[in-house]
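A short write-up of the structure that comes next.
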Amino acid sequence: MSARRDTNAGGGWLGLYVLGYLVFLYLPVLLIPLFSFNNSIQAAFPLQGFTLDWYRTLYGNPALSGALANSLVIGVVAASGATLCGITVSYMDLYGRSPLAATISAIARLPILIPGVIVGISLLILVNLIGLGPSRVSIVLGHILVALPTTVVVMRSRFAAIPKTIREAALDLGASDWTTFRRVML
4 MSARRDTNAG GGWLGLYVLG YLVFLYLPVL LIPLFSFNNS IQAAFPLQGF
54 TLDWYRTLYG NPALSGALAN SLVIGVVAAS GATLCGITVS YMDLYGRSPL
104 AATISAIARL PILIPGVIVG ISLLILVNLI GLGPSRVSIV LGHILVALPT
154 TVVVMRSRFA AIPKTIREAA LDLGASDWTT FRRVML
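According to the numbering used here, the stretch in the sequence shown is residues 4 to 189, in order.
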């Protein structure tokens, strides 16, 4: 009986290794906000004093404020667009009667399989060919393209989790497809 070895003896060492790895990886990232309040120009210990001057400088710079505003606008528009497109594609994939439904869903999920560099270069070439150039519209379209596969996968799984009898009951009670989608499924 005493000759039997514990098969999970290495689990403690593995947990300690993973904890050390995570501390090594994320501790510098967690220290950045602390150094942003430091009075010294160097990010080093000991801290010289507390100041908000760096934030005043940041928000007083019109180029950085404009970049922040652009990022927020592009992010909100791209997230909204990806959500609307993802909901539409995933609903059509599950409940669509068109023979193209599965094909469109597969095309929408395709960018998740292609490396990001290839997608980015392809999008840049396409945008330049159609004459759109580097603009906010092209950036929003690129972000939607990158976010669409994740949105489709998540929304498809959520729609699949809804019992089919709920949708069928709404249709049996006289609701149109659009009303069922808008008032029951969403």
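The C-beta atom is built at its ideal place from N, Cα and C for all residues, glycine as well. Remember, predicted model here, so these are calculated numbers, not experimental data.
What residue from Gly18, Leu17, Trp57, Val21 has the CA that sits closest to isoleucine 35's CA? Trp57
Report the residue from Ala70, Ala46, Val79, Pro65 whose alpha carbon sits nearest the alpha carbon of valine 143. Val79
Determine the direct distance from the alpha carbon of alanine 70 to that of leucine 50, and round the result to whole angstroms. 30 Å
I need the straight-line Cα distance from leucine 126 to leucine 132, nearest angstrom please. 10 Å
Have a look at Pro102, Val157, Ile169 and flag the residue whose alpha-carbon is nearest the alpha-carbon of serine 93. Val157
Indicate the three-state DSSP secondary structure (helix, strand or coil) for asparagine 64 in the structure shown. coil
Proximity to alanine 163 [Cα-Cα], best of Ile128, Ile90, Leu113: Ile90
Proximity of proline 114 and leucine 87 at Cβ, strictly below 8 Å: no
Residue span of the alpha helix (DSSP H) that contains serine 125, given as start and end: 119-132
Compute the beta-carbon to beta-carbon distance between valine 187 and arginine 161, rounded to the nearest angstrom, for a pair I have assumed lies under 8 Å. With 8 Å as the limit, valine 187 and arginine 161 do not qualify as a contact, their Cβ atoms being about 13 Å apart.
Taking the alpha helix (DSSP H) that arginine 161 belongs to, which residues open and close that run? 139-164
If you scan the segment 23-68 from start to end, which runs of the alpha helix (DSSP H) of 4 or more residues do you find wholly inside it? 56-63
In three-state DSSP terms, what is serine 74? helix
With the cut-off set at 8 Å, would you say arginine 112 and valine 155 are in Cβ contact? yes
So, for glycine 84: in the same chain, excluding its five sequence neighbours on each side, which residues have a beta-carbon less than 7 Å away from its beta-carbon? Val143, Ile147
Just checking my contact of leucine 42 with threonine 54 at CB under 8 Å: how many whole Å lie between their CB atoms? For the record, residue 42 in the displayed sequence is asparagine; it is not leucine. The Cβ separation is near 5 Å, so the contact holds.
Output the boundary residues of the alpha helix (DSSP H) element that contains arginine 100. First-last for arginine 100: undefined, no H or E at that position.
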